[in-house]
Amino acid sequence: MRFHLLVVCLVQFVFYTHANNQDFVHLTRGFYHEPNGLQPSCQSQIYCESEFLHDVQLSKIYPDSKTFVDKKLKYTESEILQKYKALKNTYNGNVPPNDELTKFVDQNLEDGDELEEWNPPDFTESPSISNRIRDKNFKQWSLGLNKVWKTLARKVKDDVKEHPDKYSLIWVPNGFAIPGGRFRELYYWDTYWIVNGMLLCDMTSTARGVIDNILYLVKLFGFMPNGARVYYLNRSQPPMVTLMVASYYKATNDFDYVKKVIPILDSEFEFWSENRMVTFQKNGKSYTMARFYAPSRGPRPESYREDYETAEHFKTEDERNDFYVKIKSGAETGWDFSSRWFITSNGSDRGVLSDIHTPEIIPVDLNSILHINALTLSTWYSKMGNTNKAEKYYAIAMSLLNSIQEVMWRPDLGAWFDWDIKNNKSREYFYISNIVPLWTESYNMPKKSVASSVLGYLRDQHIIEPDYSVNFNGTPTSLYASSQQWDFPNAWPPLQAFIIQGLDKTQQKLAQQVAQKLAEVWLRSNYKGFAEKSMMFEKYDVLASGETGGGGEYTPQTGFGWTNGVVFEFLNRWGDTVSNGSNGCNSSYRYLCDFNRIRQQREESGMIFFSKRQCVPKIINFLYSQKQCNEK
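All the letters of the sequence shown, read from the start, carry residue numbers -19 to -1, 1 to 613 under mature numbering (1 follows the signal peptide of the UniProt record, and there is no 0).
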């Protein structure tokens, strides 16, 4: 049967203007037809699209492309662009030498300095969660992590509000915690775990202020951008603000707050419904589900050089702009980047970055999150007595639930899988996202049956052993070592929360035991890194306890907001039972050096296994580390 794809997509054109010392955004919606009809990422020429931006970013005078677009303008944009045009004319229209270009940038822009350190008023040195932690090392660690909130706490300076045209940063009214490292602004989905961590550390008013920042931006723009920079105005991230409000409500029982903000949550859900839904067919039946889709012209400003160089692979301008849309859509996923978004000519995920096809993949996690958002809004509207809205969102939730079940659930494999609308097929590759419906409870099957199926799937993928022991220092994002940072061997805190808390929510004894084992291994790895390096990392290497993950477009980052939040979540749930124990003692190298498995799985998974020659010293080192671990 031939499948037909009806793509119904709405594009928002965001126009950034300055008037009366305030930020105003005008949203107009229209149908997206051709790449040459796209708008730039934002309306600032210096920050988003100009010859000046192009020349600076390709000159490599800054190792990280984000450095330039985070700078503050000393003069008006038009003045700087006119002066740059004059400078180029002295070089016959050519790009000035790097020393002259650097000098010009320094004369006309400066480091932003738009944030100031901020002391959260409700910070306490001894949060109540520490009293629920049995292991003395973990207890001391939790107190140290609690102090990190103060090191990450920032507030946007008033000058940004008064002169928004000088900055790429977007002003927000309340203090917040930056993720850490190069990420010095408010981000969207990171904030969910940051808020949860703050709530567990008794910082209730601070957490509410952080949520209010997100809601302020949703009210301003009609959606929450990827982050609080003008160059992020072309895309969002996984829609977590409704769940942030749910966390706050659970912690405070303040339903007046829910009633106050629910119209803003309503508008955000509408954004995803109107701008990110696509209708397709499977087995002759039509489904409407969400995808990530961020249409705008040109490279990502904060990764301009990287995108531009990758796009040189394509022959035409339309192909290059199509790639830019797909890679920005990949950034909207939060998984930037992963083989999960690759579709090669033969339909597999074993490709390179130029094979990215994000808008043509219907993601398990996005649709599951939208399902729980709709169900949450329905419950709240029902509590408020708004029957019409309650029924509307319940119908949306049930429609998504049915689609997740019929399109994504594979009873033969025991998990949910992304749907490829380009090739009309299920993407049968291991990614932690395959388990997210456990976390959102987006299934209508008995919990016992689902838990058994998912545990079987995790055994089949060798995430856990037949005896339910754990193979890695955390669950890898995928089993494919693509060199992208959201792939093997990296493990990311939010994904650990999805799989571990998802298993725990089934309330099935065996699944909960596996959840605790996975949580304990993750906590031990995080603790080891902190104890040895006094750092919390953005991501971790599942093959090396306590070590940061690598790959991707930038150097490993420390801080780190969502990492700390997930640790507090796990300590809150299992702090009375988990222990530091034999830190780092697991079977990672045993698994990778199991030659019987190598023969079967190397081609199936694309995962990097060690050769026999490589395994000998690794096994020796591994056994020595096991001995050291077990002696502790």
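Even for Gly, the Cβ is constructed at its ideal location relative to N, Cα and C.
Does the Cβ of Gln313 have 16 or more other Cβ atoms within 10 Å, making it buried, or fewer, making it exposed?
Looking at the sequence shown, residue 313 is not Gln but Glu. Classification for Glu313: buried.
So, helix, strand or coil for Met221, using DSSP? coil
Requested in this report: Please name the residue in Phe453, Glu501, Thr529 and Ala500 whose C-alpha comes closest to that of Glu513.
Outcome: Thr529
Alpha helix (DSSP H) segment containing Arg301, residue limits: Glu298 to Glu313
With DSSP as the reference, label Ile343 as helix, strand or coil.
strand
State the Cα-Cα distance for the pair Leu552 and Asp303, rounded to the nearest angstrom.
44 Å
Practice problem: Kindly indicate which residue of Lys520, Gln477 and Lys486 has the alpha-carbon position closest to the one of Leu499. | Solution: Gln477
| query | Shortest alpha-carbon distance to Gln24 belongs to which of Lys128, Asn75, Glu106 and Tyr148? | reply | Tyr148
Practice problem: Flag this pair as yes or no: are the beta carbons of Leu133 and Gly546 separated by less than 8 Å? | Solution: no
For the beta strand (DSSP E) containing Val50, list its first residue and its last residue. Run containing Val50: none in the beta strand (DSSP E); it sits in the alpha helix (DSSP H), Lys47 to Val50.
**Prompt:** Roughly how many angstroms lie between the CA atoms of Asp448 and Phe49, to the nearest whole one?
**Reply:** 52 Å
Output needed for Thr339: all residues of its chain with C-beta closer than 8 Å, excluding positions within five of it in sequence on either side, in chain order. Arg272, Phe273, Tyr274, Lys307, Ile308, Ser310, Gly311, Glu313, Thr314 and Trp322
| said: Just to confirm the assignment, what range does the beta strand (DSSP E) spanning Val137 have? | reply: Ala134 to Val137
request  = Can you grab the Cα-Cα spacing for the pair Leu39 / Arg286, in whole Å?
outcome  = 5 Å
Point to revise | Asp94 versus Val141: straight-line alpha-carbon distance, rounded | key: 10 Å
Less than 8 Å between the beta carbons of Ser349 and Ile377, yes or no?
no
Margin query: In the DSSP output, which residue or residues are listed as bridge partners for Lys429?
Written below: Lys429 pairs with nothing; no bridge assigned.
Using C-beta distances below 7 Å, list every residue in its chain close to Gly527, excluding the 5 sequence neighbours before and after it, in chain order.
Ser506, Lys509, Gly510, Glu513 and Gly565
Using CA atoms only, rank isn't needed, just tell me which of Asn70, Arg115, Glu422 and Val435 is closest to Phe411.
Val435
key: Supposed contact pair Trp152 and Val137 - C-beta distance, whole angstroms, cut 8 Å   = 5 Å
Q. If we call anything under 8 Å between Cβ atoms a contact, is Pro282 one with Ser22?
A. yes
Checklist line | Check whether Ile480 and Thr458 have beta carbons under 8 Å apart | finding: no
| Of the listed residues Asn89, Tyr72, Val76 and Thr71, nearest to Ser59 (C-alpha basis) | Asn89
- Alpha carbon to alpha carbon, how far is Thr360 from Trp253? 19 Å
Hey, Val502 and Asn454 are a contact pair by Cβ (cut 8 Å); roughly how many whole angstroms apart?
6 Å
Unbroken stretches of the alpha helix (DSSP H), 4 residues or longer, contained in the stretch 25 to 75: 26 to 29, 32 to 40, 47 to 50 and 58 to 70
Q.
Cutting at 6 Å between CB atoms, please list the residues of its own chain near Arg408, excluding the five before and the five after it.
A. Phe398, Asp399 and Asp401
Check your understanding: Do Gln465 and Gly532 come within 8 Å of each other at the CB atom, strictly closer than that value?
Key -> yes
| Ordered along the chain, which non-local residues of its own chain (more than five positions away) have a Cβ less than 8 Å from that of Gln488? | Lys428
**OP:** Please name the residue, chosen from Arg163, Ser423, Thr421 and Tyr43, that lies closest to Asp80 on a Cα-to-Cα basis.
**Re:** Tyr43
Residues in its own chain within less than 8 Å of Tyr230 by CB, not counting five upstream and five downstream?
-> Phe236, Tyr238 and Val239
**Report entry** Sequence-distant residues of its chain with Cβ nearer than 8 Å to Leu356 (five each side left out)
**Finding:** Tyr374, Tyr375 and Ala378
- [ ] Specify the secondary structure class of Ala376 as computed by DSSP and reduced to three states.
- [x] helix
With DSSP collapsed to three states, give me the class of Leu90. strand
Next item on the list: Tell me whether Asp399 sits in a helix, a strand or coil according to DSSP, three-state version.
Entry: coil
Item checked: Between the CA atoms of Met225 and Leu504 - distance to the nearest angstrom -> 23 Å
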